[in-house]
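This report refers to the structure that appears directly beneath it.
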Amino acid sequence: MFARFLTATAVLGLSAGMASAEYKITILHTNDFHARFEPISKYDSTCGAEDNDAGECFGGSARLVTAVEEAKERAGNYLLVDGGDQFQGTLFYTYYKGAAAAEMMNKMGYDGMTVGNHEFDDGPEVLKGFTEAVEFPILMSNADISGEPILTDAIQKSVIIEKDGEKIGMIGLTPLDTPELASPGKNIIFTPPADAVAAEVEKMKAEGVNKIVVLSHSGLNVDIAVAEANPDVDIIVGGHDNSLLSNTIEGAKGPYPVMVGNTAIVQAYAYGKFLGELNVTFDDDGNIVEAVGEPILLDASVTEDELTKGRISELAAPLDEIRNKVVAETSEAIDGSRDNCRAMECQMGNLVADAMLDRVKDQGIDVAIGNGGGLRASIDAGEVTMGEVLTVLPFQNTLSTFQVTGEVLLAALENGVSQIEDGGGRFPQVAGMTFTVDPSAEVGSRVSDVMIGGEPLDPAKTYGVVSNNFVRNGGDGYSMFVDADNAYDFGPDLADVTAEYLIENAPYTPYTDGRITMAE
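Following this line, the structure appears as C-alpha cells:
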C-alpha cells in the first residue's frame, strides 16, 4: 500500500542544494486516548495495580506526563497536539464526561486538538463544556456549525500560532460520517475533508504561513487522500482508525511517517500506549527537508509522574465500588480486539450478541446484530469485574428490539461489511444467523449464504431483531433500521445484559463457531 510514497529517508535527499536557513520543530502527538487515564493491559483494558507494579502495564496519564516532559526537553521547540477522541471508553468518561480529559491535557500543555466523533457522543452540550475547560484551541474545519449556537464560538476551523519565531498553521478535521457515528445533532453540517482543508490552506498562505499541520480524526486512508489533494500541507497528525505507524514494530500499518509527496503523515495507535515524536526540519521556504521519528512505547521503562498518579487515584475513588465488583469468571481471555471485531467473527462479538439474543429469546426475536466498533476492549482470563465489562461496553447503549424484512436485514449486513478495508466500526457481530463475506467483492454485493434458524434468509419474511439503540437509530450507517416496525429502544443497558449473561454462564468459555465465514 505504501510503496508509492516516499519514505522519510527519501525525504532527506531533498535537502541537497536547498537554502541554508533551517527551522526545526518536534511534533509530539496522541490520538484516540479514550479516557485511559489509568495504565492499560496488553488487551487495552484497565491494568491492575499489582500488574502495574510488576511492570506489565502500558500508558496511563502518569506515564504520559513523564514522556511528554522528557520529549519537550529533548526537542526544545515542539508542538504538542491530539488527533481526537479523548472522550468515551472507561468509567472516567461516564462519570466525569470531559472534565478529567481537560484537566490532564491542560497539565501537559497541549497546543491544539481536533474534534473526534466521540467528542459528540453526548451531544454538543458536553463538547461545549470541554471547550470551555481547556486552555488550547479545539479545531474542526469540515463542518458548518453556524446553525448550532452552543458551539458557534467554541470551535475554530483553523488557528495560527507562533513557535520559536515562526508561524505554524493548524487545521482540524472530523469524520465526514460523524452523524452516523455519534450524536452531533441536526444543526451541524459536515463537509468533505479535502475541500475544507484546501480552503483553510489558502487563507493561511495569504497570511504568509508556510508551515501547515492538519489534525485529522479521519483515518489513514482519508489522510492520504487529503495529502494528495493538498500538497501545501506539511504534516498530518492522524487518528480515528488507531493506526500504528512505525519503522521498528512488527505488524505496524505503515512507516513512520508515511510520506505522500512532501507531506508527512503520522499516527500513534491509541489509548495512550504511545507518544508520537516526529522531528521535522524545514527550509526557509517552508518545505520539509527531513522528517524522522518513531512512536515512543509507554511501557514500564517510563516512570510514572507521582503527582499525576495520585490525582488519577483521587479521580478513581468514586468509580471503584462499581468497577471492582466481580461479576463472573472466564476460563481464558475474551478477544475483543479492534482488528478482529471490525473484520471477522470475534469472541467478544459472539459473547455480546449471544447475550442480547438470550435476553429477548422469549419475545419473538430471531437474530441479534451489533456493531463491532461498539466493542472497545478485550477481557483477560480469570475474574471478570463490572469495570472490565464497562470498558468493553462504555456507551450506555440500551437493548432495542424491532422487526424488519429479510430484504432489510440483508441490506444491514451489506452495510456492516462495506468498510472492512478501513476497519469500519459497523462490521456486524451476530447471533442466531450465519453468513459468508467476500471482502474482495463490490460494496453492496459482499454477503451471501445467509441462514437464519437453519433456513435460508427469505427476503419477504419478517424477522425479529435485537440490537443496541445506537444501531437501531441509524448509527454506523444502519439507516435501514430507522423505520423498523414495532421498535422499542428502551431495554436494559447492554453492559448489564452482558454481565448477567456472564454470571449465568460462569465460568464462561470464549469461542467462535463459524457463524461468519470469509469467501475463499
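Residue numbers (our numbering): 22 to 541.
Where is the CB? At the ideal position from N, CA and C, for every residue including glycine.
What are the partner residues of residue i, as DSSP defines its beta bridges?
{"i": "F456", "result": "I537"}
{"i": "V258", "result": "L236, V287"}
{"i": "S488", "result": "S421"}
{"i": "L318", "result": "F295"}
{"i": "A349", "result": "V405"}
{"i": "M280", "result": "A285"}
{"i": "E311", "result": "T302"}
{"i": "L160", "result": "T135, Q177"}
{"i": "L100", "result": "I48"}
{"i": "A389", "result": "A452, V487"}
{"i": "M191", "result": "V180, V234"}
{"i": "I355", "result": "I400"}
{"i": "I61", "result": "T67, F79"}
{"i": "F211", "result": "A164"}
{"i": "E43", "result": "D304"}
{"i": "D514", "result": "T419"}
{"i": "G275", "result": "L266"}
Classify residue i as helix, strand or coil using the three-state DSSP reduction.
{"i": "A175", "result": "coil"}
{"i": "V301", "result": "strand"}
{"i": "F26", "result": "Because F26 carries a pLDDT of 40, less than 50, the predicted location of this residue cannot be relied on, and no value is offered for it."}
{"i": "Q450", "result": "strand"}
{"i": "I343", "result": "helix"}
{"i": "L523", "result": "helix"}
{"i": "A37", "result": "Bear in mind that a pLDDT of 40 at A37, under 50, signals an unreliable position, so the model cannot answer this."}
{"i": "T269", "result": "coil"}
{"i": "S469", "result": "strand"}
{"i": "V32", "result": "Its pLDDT being 44, under 50, V32 is placed unreliably by the model, and the measurement read from it follows with that caveat. Looking at V32 - three-state DSSP - the assignment turns out to be helix."}
{"i": "E476", "result": "strand"}
{"i": "I400", "result": "strand"}
{"i": "Y529", "result": "strand"}
{"i": "Y499", "result": "coil"}
{"i": "T111", "result": "coil"}
{"i": "T426", "result": "strand"}
{"i": "D375", "result": "helix"}
{"i": "A508", "result": "strand"}
{"i": "G331", "result": "helix"}
{"i": "F54", "result": "coil"}
{"i": "V323", "result": "coil"}
{"i": "Q368", "result": "helix"}
{"i": "L431", "result": "helix"}
{"i": "P196", "result": "coil"}
Answer yes or no: do residue i and residue j have a C-beta to C-beta separation smaller than 9 Å?
{"i": "T426", "j": "K482", "result": "yes"}
{"i": "T555", "j": "E353", "result": "The structure shown does not extend to residue 555, since the chain spans only 22 to 541, so no value can be given for it."}
{"i": "E350", "j": "A527", "result": "yes"}
{"i": "V487", "j": "L378", "result": "yes"}
{"i": "K294", "j": "L318", "result": "yes"}
{"i": "V234", "j": "I192", "result": "yes"}
{"i": "V254", "j": "V218", "result": "yes"}
{"i": "V102", "j": "M134", "result": "yes"}
{"i": "V258", "j": "N52", "result": "yes"}
{"i": "I537", "j": "V451", "result": "yes"}
{"i": "F303", "j": "F416", "result": "no"}
{"i": "A248", "j": "V281", "result": "yes"}
{"i": "V471", "j": "L434", "result": "yes"}
{"i": "V136", "j": "T195", "result": "yes"}
{"i": "P213", "j": "L236", "result": "no"}
{"i": "M407", "j": "A520", "result": "yes"}
{"i": "T422", "j": "I386", "result": "yes"}
{"i": "G190", "j": "V155", "result": "no"}
{"i": "K224", "j": "K188", "result": "no"}
Check whether the Cβ of residue i sits closer than 8 Å to any heavy atom of the ligand FMN, and report yes or no.
{"i": "P276", "result": "Ligands displayed in this structure: none; no statement on the ligand FMN is therefore possible."}
Just checking my contact of residue i with residue j at CB under 8 Å: how many whole Å lie between their CB atoms?
{"i": "F211", "j": "A164", "result": "5 Å"}
{"i": "A215", "j": "N268", "result": "That pair is no contact at about 27 Å."}
{"i": "T324", "j": "V86", "result": "The Cβ separation is near 10 Å, so there is no contact."}
{"i": "D561", "j": "F54", "result": "In this structure the chain extends from 22 to 541, so residue 561 is not present and cannot be described."}
{"i": "N418", "j": "L523", "result": "Wrong, their Cβ atoms sit about 17 Å apart, outside the cutoff."}
{"i": "N138", "j": "T199", "result": "5 Å"}
{"i": "L100", "j": "D132", "result": "5 Å"}
{"i": "V518", "j": "L420", "result": "6 Å"}
Note to self: Pairs of beta-carbons, one from the stretch 51 to 68 and one from the stretch 326 to 344, closer than 8 Å: are there three or more?
What the structure shows: yes
Check: Are the stretch 504 to 512 and the stretch 353 to 372 touching by the rule of at least three beta carbon pairs closer than 8 Å?
Finding: no
Check: Does the count of Cβ pairs from the stretch 309 to 321 and the stretch 289 to 298 closer than 8 Å reach three?
Finding: yes
Notebook entry, point to check: Are at least three pairs of beta-carbons, each pair with one atom in the stretch 155 to 169 and one in the stretch 107 to 117, less than 8 Å apart?
Noted result: no
Checklist line | Segment contact, 8 Å Cβ cut-off, at least three pairs: the stretch 454 to 463 with the stretch 494 to 501 | finding: no
Next item on the list: Give a yes or no on contact between the stretch 62 to 69 and the stretch 43 to 53, applying the rule of three or more CB pairs nearer than 8 Å.
Entry: no
Margin query: With three or more beta-carbon pairs closer than 8 Å as the criterion, would you say the stretch 386 to 394 touches the stretch 441 to 454?
Written below: yes
Check: Taking contact to mean at least 3 C-beta pairs separated by less than 8 Å, is the stretch 473 to 482 in contact with the stretch 178 to 186?
Finding: no
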